[in-house]
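Heads up: the structure comes next, in structure tokens.
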Amino acid sequence: MSGSAESGAVDAVRFATVSAEPIAVEQCIDAVSRDHAGAVVSFAGVVRDHDEGKGVTALSYTGHPSAQDAIEEAARQIAAAHPETVVAVAHRVGDLVVGDIALACAVSSAHRQEAFAACSELVDLVKQTVPIWKEQLFDDGSSEWVAALG
């Protein structure tokens, strides 16, 4: 990637963060909104109350120390692959309950097709490359570790 493309990708990333603090999709939307964007596409990965027929009460996310660098790199890669976009992404770590947002992102672009594609690719890339794991806590008292990678 050339220096100017790298610089453009960095400028197009409003934020990319891993945090124990609650996150809101609205923060991502506000960060990427701009006057010439005809489309803003957002995603919220929310803790649901079930998985494979078992009742889920909570999730506990644990991030590797490199998770912050990895989420920043994922955001830069998407911005570089879709140069007309602006992106923002956040992933929570720590203890979350049903209804909490674990992953939030937004992408803006002049046109919807580019924004949808970039947002979908961003979610996939974060899940594939950011070293965060989750422990699911079930309503029967059992738990299960699930790799968030892949």
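Position 90 of the sequence shown, counting from 1, maps to 74 under our numbering, and the rest follow consecutively. Glycine included, C-beta positions come from ideal geometry on N, C-alpha and C.
Return helix, strand or coil for Ser104, following the three-state DSSP convention.
To locate residue 104, count along the sequence shown from 1; it is residue 120. Here Ser104 sits in helix by DSSP.
Tell me the DSSP secondary structure of Arg96 in three-state form.
For this step, residue 96 is matched to residue 112 along the sequence shown. Residue state, collapsed to three classes: helix.
Residue range of the alpha helix (DSSP H) that Arg60 falls in?
Working through the sequence shown from its first residue, we reach residue 60 at position 76. According to the DSSP assignment, Arg60 belongs to the alpha helix (DSSP H) that extends over 51 to 65.
C-alpha distance - Ala59 paired with Gln97, whole-angstrom precision
What you label residue 59 is simply residue 75 of the sequence shown in a count that begins at 1. What you label residue 97 is simply residue 113 of the sequence shown in a count that begins at 1. CA-CA distance, Ala59 to Gln97, rounds to 18 Å.
Helix, strand or coil at Ile116 according to DSSP, with G and I counted as helix:
Position 132 of the sequence shown, counted from the first residue, corresponds to residue 116. Looking at Ile116 - three-state DSSP - the assignment turns out to be strand.
Label His20 either buried or exposed according to how many other C-beta atoms from any shown protein chain fall within 10 Å of its C-beta, with 16 as the threshold for buried.
Taking the first residue of the sequence shown as position 1, residue 20 is located at position 36. Exposed.
Could you check where the alpha helix (DSSP H) with Asp14 kicks off and where it finishes?
Walking along the sequence shown from the start, residue 14 turns up at place 30. Residues 9 to 16.
Beta-ladder partner(s) of Leu87, from DSSP:
As a first step, residue 87 is located in the sequence shown; it is residue number 103 there, counting from the start. DSSP output for Leu87 lists Gly29, His75 as bridge partner(s).
CB contact flag (Leu106, Val73, <8 Å):
Along the sequence shown, one-based indexing puts residue 106 at 122. Along the sequence shown, one-based indexing puts residue 73 at 89. In contact: Leu106 and Val73 (Cβ atoms closer than 8 Å).
Going by DSSP, what residue range makes up the beta strand (DSSP E) through Ser127?
For the purposes of this step, residue 127 is taken as the residue at position 143 of the sequence shown. Start and end: 127 to 131.
Taking all protein chains shown into account, do 16 or more other C-beta atoms lie within 10 angstroms of the C-beta of Gly39, making it buried, or fewer, making it exposed?
By 1-based counting over the sequence shown, the position of residue 39 is 55. With fewer than 16 other beta carbons inside 10 angstroms of its own, Gly39 counts as exposed.
Tell me, please, whether the segment 86 to 103 touches the segment 119 to 130 by the rule of three or more beta-carbon pairs shorter than 8 Å.
At 8 Å Cβ cutoff, the stretches do not touch.
From the DSSP output, read off the bridge partner residues of His34.
Translated into the one-based positions of the sequence shown, residue 34 becomes position 50. Paired residues: Gly39.
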